[in-house]
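First comes the structure, then the notes that go with it.
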Amino acid sequence: MKKAIMFLANGYEEIEALTVIDFLRRAEISVDMVSVTGTLETVSAHGVHIKADKLVEDVNPTEYDAVITPGGLPGANLLAENEKVVSYLQSFYEADKLVASICASPLALEAAGLAAKIKGTCYPGFESQINFKEFSEEIVVRDGNVITSRGPATSPYFALAIIEALAGKEKADQIRNGTLISMVEGAIK
């Protein structure tokens, strides 16, 4: 079974964190919610309290296949300022493991020195703070082993891209259909 880390710093965007966790778990990908707050108790940008599974200091990165950062403020800034998070992003990138960041959290990719190596995207207005090798306005961008996405409404597509990278297109399509994304897309075209 593939395993992923979802980092949580107080002030994360709960749609981005929980949608991805939910979709990945539906795809039978294990996700550990990992707190960087010093306690398992975390608080989202909109006051939702979520108890993480582990503290960052209790995680062995070699046990994981992917690292994921949600956006939201001040969460994205706190992730970018966290030495362990930055170190994980760098080591996963160098080991060709999956690195995925959404919304404002590519700020952590910038802090890790990775943004300048990839084509990527972020929440509108953060482009000037994240110096991608190439910026894209696509809702999800995959460049090698890095996936980036725009924000809350793109979370399901971000999650599906992560699933496809870790478990294959067939599994991603299964989750797309099971969550009715295909039906909604068909209705709005």
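Residue numbers (UniProt numbering): 1 to 189.
The beta carbon of each residue, even a glycine, is placed where N, CA and C say it ideally should be.
Cβ neighbours of residue i in the same chain (closer than 7 Å, five flanking residues each side left out)
i: S91; result: P61
i: S182; result: R176
i: N145; result: Y93, D96, K97, L98, V99
i: K51; result: L40, E41
Own chain partners of residue i with C-beta closer than 6 Å, once the 5 adjacent residues on each side are dropped
i: A76; result: A104, S105, L107
i: A27; result: I163, A167, K171, I175
i: D32; result: I5, D53, K54
Span separating the alpha-carbon of residue i from that of residue j
i: E16; j: P152; result: 6 Å
i: S44; j: T69; result: 13 Å
i: A100; j: V184; result: 25 Å
i: residue 260; j: I188; result: Residue coverage of the chain in this structure runs from 1 to 189, which leaves residue 260 outside it and unanswerable.
i: V141; j: T154; result: 11 Å
i: I130; j: L109; result: 8 Å
i: L40; j: A9; result: 10 Å
i: V67; j: F7; result: 8 Å
i: A112; j: N82; result: 10 Å
i: L78; j: G11; result: 9 Å
i: E14; j: I21; result: 10 Å
i: K169; j: D143; result: 17 Å
i: F126; j: E63; result: 32 Å
Residue range of the unbroken beta strand (DSSP E) whose run includes residue i
i: S44; result: It is not in any beta strand (DSSP E) - S44 carries neither H nor E in the DSSP assignment.
i: R142; result: 140-143
Limits of the unbroken alpha helix (DSSP H) element including residue i
i: V86; result: 83-94
i: S155; result: 155-167
i: S182; result: 181-188
i: I130; result: Segment: none, I130 is in no alpha helix (DSSP H) and carries neither H nor E.
Expected contact under 8 Å - CB spacing of residue i and residue j to nearest Å
i: I147; j: A165; result: 7 Å
i: K3; j: D53; result: So it is not a contact: roughly 11 Å between Cβ atoms.
i: V36; j: K84; result: 7 Å
i: K159; j: K133; result: Just to set this straight, residue 159 is Ala in the shown sequence, not Lys. Contact doesn't hold; Cβ gap of about 24 Å is too wide.
Sequence-distant residues of the same chain with beta carbon closer than 8 Å to residue i, five excluded per side
i: S136; result: K119, G120, T121
i: V34; result: I5, M6, F7, L8, A52, D53, K54, L55, V56, V59
Buried or exposed by the 16-neighbour rule on C-beta atoms within 10 Å, applied to residue i
i: P124; result: exposed
i: T42; result: buried
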